[in-house]
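In the numbering used here, the protein residues as written are 469 to 795.
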Amino acid sequence: MKVQSFVAIALTLALTGAAHAERFLFQRGSVLYSASRDGKESRRVLDMGIGPGAVWSTAPDGRRIVWAKAANPETEGSLAGRPITLFLSDITGRRQKKLLTTENLIDRQGRKVAEISPTIPSGPITTLKDWSLVSLSWSTDGRTLYMGCTRVGAAAGVMTVSVDAQSGTALVDSEGRWKCLAPVTQPDARSTFLAAVAIGKESGIAPLQICNLAVGNAWTPVPALGGPAAYGAALWPALSPDGKSIAFASVPRGLWLASGPGFEVKVLISGDVRRPRFCEDGKTVLFLSPRPTTADKIAYDLYELPISGTTPKVVLSDVDWFDLVSD
């Protein structure tokens with residue numbers, strides 16, 4: 469075969485995406501593993517030194533991972549009272565660095581950041597003492613890290629702030645305060661879209677919110693029309709690759725899908741579902757679900773479900789958390 473033929477084949481594979489294979493990154497205890505899409509081939513990547521329930525996220529290019537480590541993981545607290553350190557590593561685990569610590573957070577000019585801009589216009593100015601970290605995620609271009617937070621204490625509230633993914637510096641407003649992206653948490657970015665969770669006006673309601681950055685910074689509830697959300701409290705929203713569908717969990721109301729022009733919602737399966745993620749084909753959703761165990765620890769298995777199906781299939785067992793990336 470001529471050299472030109474090899475070049476043509478390689479180019480065709482690159483253009484069609486056939487050369488890119490999906491794989492899992494998953495956590496067991498403090499250790500991160502990599503596994504093939506069918507779950508049959510796995511290898512150890514790195515020890516993050518964190519336990520189940522800690523937050524981490526993989527960059528869109530699948531080459532970097534960031535995780536949060538608390539100063540005292542045994543206690544609950546705020547970003548100031550229990551400082552959080554973010555670590556960044558390449559996917560091999562050989563190149564690790566401390567990205568930031570909330571104890572000494574600075575902006576791009578090297579100024580210390582202590583205050584946070586209001587979550588709503590004319591709202592109160594808060595500080596790092598008022599918030600705790602619940603989620604980490606990346607912007608679509610991999611340049612920004614989103615930190616989803618919840619309010620500490622009696623006052624209910626959520627917000628998302630962001631930092632530069634390379635330098636770890638806080639993105640601030642004109643007053644030097646850590647800029648609140650929106651009063652939402654657990655954001656997920658795909659294409660030009662962001663999906664996240666807000667606080668509802670009624671008890672037990674946490675509505676989905678969607679934002680199309682291509683047309684502005686306005687957030688719209690999901691579904692856009694109708695009364696209270698049938699799903700109750702949404703958790704862990706996951707956008708499809710084109711940003712036009714959202715898979716999300718509602719504990720204990722199961723796995724839900726929002727799609728179509730008005731993001732109409734429907735339940736896919738009932739039960740205890742956590743951490744849904746779309747496959748790159750946009751037709752399959754992965755998620756975690758607990759299984760019966762005699763030990764004190766809750767054991768989770770990783771399932772896959774076609775959005776047109778009703779019977780999920782186990783892909784991996786004993787998974788504390790996971791992400792899906794393309795090589």
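All C-beta atoms, glycine included, are put in the ideal place defined by N, C-alpha and C.
Cβ contact annotation for Arg563 (same chain, cutoff 8 Å, sequence separation greater than five): Ser557, in chain order.
Considered as a whole, the region 551-612 harbours 552-558, 564-569 and 599-606 as its complete beta strand (DSSP E) runs of no fewer than 3 residues, in chain order.
Within the region 743-767, the runs of beta strand (DSSP E) at least 3 residues long that lie entirely inside it are, in chain order, 752-759.
Judged by their CB atoms, Pro675 and Ala698 are not nearer to each other than the 8 Å cut-off. In the structure shown, Met615 falls within a strand segment according to DSSP collapsed to helix, strand and coil.
Gln495 carries a strand assignment under DSSP once its states are collapsed to helix, strand and coil. The secondary-structure analysis by DSSP pairs Gln677 across a beta bridge with Ala664 and Pro689. The straight-line gap separating the alpha-carbon atoms of Ile574 and Asp788 is approximately 32 Å.
Looking at Thr628, Asp515, Trp599 and Arg579, the one whose alpha-carbon comes closest to that of Arg619 is Trp599. In its chain, beyond the 5 residues on either side, Pro774, Ile775 and Ser776 have a beta carbon closer than 8 Å to the beta carbon of Lys751. In the three-state scheme derived from DSSP, where H, G and I count as helix and E and B as strand, Arg505 is classed as coil. Pairing Leu601 with Ala622, the inter-Cα distance amounts to about 16 Å. Closest in C-alpha terms to Ile588, from the list Glu748, Pro651 and Thr560, comes Pro651. Comparing alpha carbon positions, the residue from Gly519, Leu500 and Met516 closest to Ser510 is Leu500. In the same chain as Ser607, and ignoring 5 residues on each side of it, the C-beta atoms closer than 6 Å to its own belong to Ala657, in chain order. Bounds of the beta strand (DSSP E) holding Ser718 are Ser713 to Ser718. Cβ-Cβ distances below 8 Å link Gly517 to Ser498 and Lys537 in the same chain, with the five nearest sequence neighbours on each side left out; the list follows chain order. Val629 counts as buried, since at least 16 other C-beta atoms from the protein chains shown sit within 10 angstroms of its C-beta.
Proximity to Phe492 across Ala767, Pro758, Leu754 and Thr778 peaks at Leu754, based on C-alpha coordinates. Judged by DSSP secondary structure, Glu732 falls within the beta strand (DSSP E) whose first and last residues are Glu732 to Ile737. For Leu681, same chain residues with a beta-carbon under 6 Å away, outside a window of 5 residues either side, are Thr660 in chain order.
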